[in-house]
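Read in order, the letters of the sequence shown correspond to residues 316 to 913 in the working numbering.
First the structure, in the form of structure tokens, and then the observations on it.
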Amino acid sequence: MSHRPESARKQRARADGVVARWLWHSFVRHRLHFIGLAVVFMVLEALTLGAFSYLIQPMFDEVFIAGDRESVFLVALAMALVFFGRGLARLAHKAVMTWQSEAATAELQSILLAHLIRLDQGFFKRNAPGILIERVRGDSAALRRVFSSLITGFGRDGAGVIVLFSVALWTDWQWTLIALLGLPLLGLPLIAIQRLIRRRSTEARLAAAESSNRLDETFHGIATLQLTGSEGREIGRFREIMRGFVRKATRAAIGQAAVPTVMDFGAAIGFGLVLIYGGMQIIDGTRTVGQFMSFFTALGLLFDPLRRFTALTAEWQNILASLERTHALLQVQAKVTNPPPPHLPVPDRRHASVELRGVSFAYEAEPVLNDLSFVAPAGKTTAIVGPSGAGKTTVFTLLTRLADVDAGEVLIGGQDVRGMDLVALRRLFAVVSQDTALFDETIRDNILMGVEGVSETALDSALSAAHVDDFLPLLSDGLDTLAGPRGSSLSGGQRQRVAIARALLRDAPILLLDEATSALDAKSEAFVQDALDRLAEGRTTLVIAHRLSTVRRADQIIVMDRGRVVERGTHEELLGVGGVYARLYALQFGEQDQANSP
């Protein structure tokens, strides 16, 4: 019966050891010289506490009781120096440890982003943005507490316990031993509380991640919520999530607060016994009031760092709960990796044909593509059409190796993309999609993303070809205008034209257009379509479109349904067949005729 729990404890201890070693090697070891400097100041602060408690004896015995006037000034000066030194020492170690804690946390967050940004698309489909933001910002902040709470606690409070315990022993070793009689009774309760804290802290962090994810979804869908009148419903859902978070966070906080509370129970027993025993000795004249007050000052000051010191184990459990998830995230391996050299050569523009040969692919065991095969000739335009869920966008995902096929091959210029250098492969593509990714940087920075050494002449040509220069005069700072979060300061058509300018400067041999004009009004679509036509000249172009009017001029149209090619040919050929394409075409243009009829 006891084997399994013991095995689980060993596994937990082993996992904790892995995280502790990672923490030491990655973030602590190379900062030891700064930590050592801070510890020196922590020890100095602890020595001032010891000096303060030691000075209590002459203050009572020589000044208050004996009435020695000369001692008043000496004791007062000594006390002033003690407090001055304590303030300087505390300021110094706080400055050093804050600097190092913030630097370590920033380093970890940068490492996390560098790791996550290279993972495949499947990972991001399984993990919501809000959850990942909480992992990077929330869980990694536990590293800050390693420095500000854990290391500082061990240094400052550990030194304080040693110094004050030494003063107490020096004053009266018997009183010291009596004061500690209550501490052995606290062992089992503290162990139980620490295990509880670990569990409660994990629950609280998961609840925090859920709330972050809900906020992310709310702000992304704010227009939909407002248009559907769902604000109240969303507020209610968020409040319910936050009630759960408050409940779990409160439990975790109560668990942590229980540690010093239990310590106070032990201190109460010790204080009471010393008060009885020491009080009798003072009455009998074997001890002085100054000795007793010095001892009680040291003991009173001792229990405060001792409480914090014993609470460090609870804090460590809390920190581990977060750092374990952070460490686990760093262990996630990308399914798409760069192949070892030598790499297959990438084709030039004249030979940049695209072929899918017997390709099958599934997301989370859900089949998307089934034995898909087709060829897109170099320098020609191939349109991919079909009903929603046919797998059209997945084709682009596999071409660019944002994910890898489960079976079959993806070939460019006759070469398997899995054998090409990943960076060189992705330089073959320029992508313009319906959901254009713009960042909260200047329009210039967004256009120049991923390209270097662009001359002003080349930039001006791209701006003109993409019709970006048509709306630049309307912006306050022209090219240096901030695009806003996700390009929110620009209209849909303006965002598309910025993306086309970016693609023009990239000058890639293969152009991928994913619903590039589907969300635009007629005027914006005309501008964007003209820019796309210029961009497609001489390039291997693959177009995904639901609106079939945009693919009539394609050299080849691939019709997909349920992850397979069901038809292929030109616009006229497919209409003549009377199959899936003809039905989709009739459906779309029948709806348009109805919409245009009076």
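Note that beta-carbon positions come from the ideal geometry of N, C-alpha and C, so glycine has one too.
Remember, it's a predicted structure, so these values are computed and weren't measured experimentally.
query, result
"Stretch-stretch touch, CB-based, cutoff 8 Å, three pairs: the region 650-658 with the region 718-730", "yes"
"Those runs of the beta strand (DSSP E) which lie wholly inside the region 707-778 and span at least 3 residues", "722-727 and 744-748"
"Length of the line joining the Cα atoms of residue 449 and residue 728", "42 Å"
"Inter-residue spacing [alpha-carbon to alpha-carbon] between residue 431 and residue 545", "33 Å"
"Own chain residues within Cβ distance below 6 Å of residue 354, not counting five before or after", "470"
"Per DSSP, cross-strand counterpart(s) of residue 882", "874"
"Chain-order list of residues whose beta-carbon lies under 8 Å from that of residue 334 (same chain, five-residue window excluded)", "635, 638, 639 and 642"
"Test item: CB-CB of residue 474 and residue 512 under 8 Å", "no"
"Member of 682, 709, 743 and 702 whose CA lies at the smallest distance from the CA of residue 660", "743"
"Under the three-state DSSP convention, the category residue 913 falls into", "For residue 913, the predicted structure reports a pLDDT of 40, less than 50, and the residue's modelled location is therefore unreliable. A value from the coordinates is still provided. Residue state, collapsed to three classes: coil."
"Range of the contiguous alpha helix (DSSP H) that encloses residue 807", "807-821"
"Nearest residue (CA-CA) to residue 800, options 792, 777 and 758", "758"
"Beta bridge counterpart(s) of residue 329 as assigned by DSSP", "Answer is none; residue 329 lacks a bridge partner."
"Alpha helix (DSSP H) runs wholly inside the region 439-513, at least 4 long, in chain order", "444-448, 457-460, 473-486 and 488-494"
"Boundaries (first-last residue) of the alpha helix (DSSP H) holding residue 609", "604-645"
"Residue 461 versus residue 822: straight-line alpha-carbon distance, rounded", "48 Å"
"Three-pair Cβ contact test at 8 Å for the region 350-365 versus the region 477-496", "yes"
"Buried versus exposed, by CB contacts within 10 Å (16 or more), residue 843", "buried"
"Buried versus exposed call for residue 527 [16 or more other C-beta atoms within 10 Å across all chains shown]", "buried"
"Nearest residue (CA-CA) to residue 367, options 881, 613 and 740", "613"
"Residue burial classification, residue 406 (beta-carbon count within 10 angstroms, cutoff 16)", "exposed"
"Strand pairing of residue 556, partner residues [DSSP]", "Answer by DSSP bridge pairing: none, since residue 556 is not bridged."
"Close-in-space but distant-in-sequence residues of the same chain around residue 343 (CB under 7 Å, 5 per side omitted)", "none"
"Under 8 Å between C-beta atoms of residue 387 and residue 373", "no"
"Start-to-end residues for the beta strand (DSSP E) that takes in residue 677", "669-678"
"Three-state class that DSSP yields for residue 682 in the structure shown", "strand"
"Residue 943 - partner residues in DSSP beta bridges", "Coverage of the chain is limited to positions 316 through 913, which leaves residue 943 absent and any answer about it impossible."
"Buried versus exposed, by CB contacts within 10 Å (16 or more), residue 888", "exposed"
"Distance between beta carbons of residue 706 and residue 688, contact taken as under 8 Å", "The pair is not a contact, with the Cβ atoms about 13 Å apart (cut-off 8 Å)."
"Span separating the alpha-carbon of residue 820 from that of residue 658", "26 Å"
"Inter-stretch contact (C-beta, 8 Å, three-pair minimum) for the region 843-853 and the region 760-778", "no"
"Straight-line gap, residue 741 to residue 713 (C-alpha atoms, nearest Å)", "11 Å"
"Residue 416 burial status per 10 Å Cβ neighbour count (16 or more: buried)", "buried"
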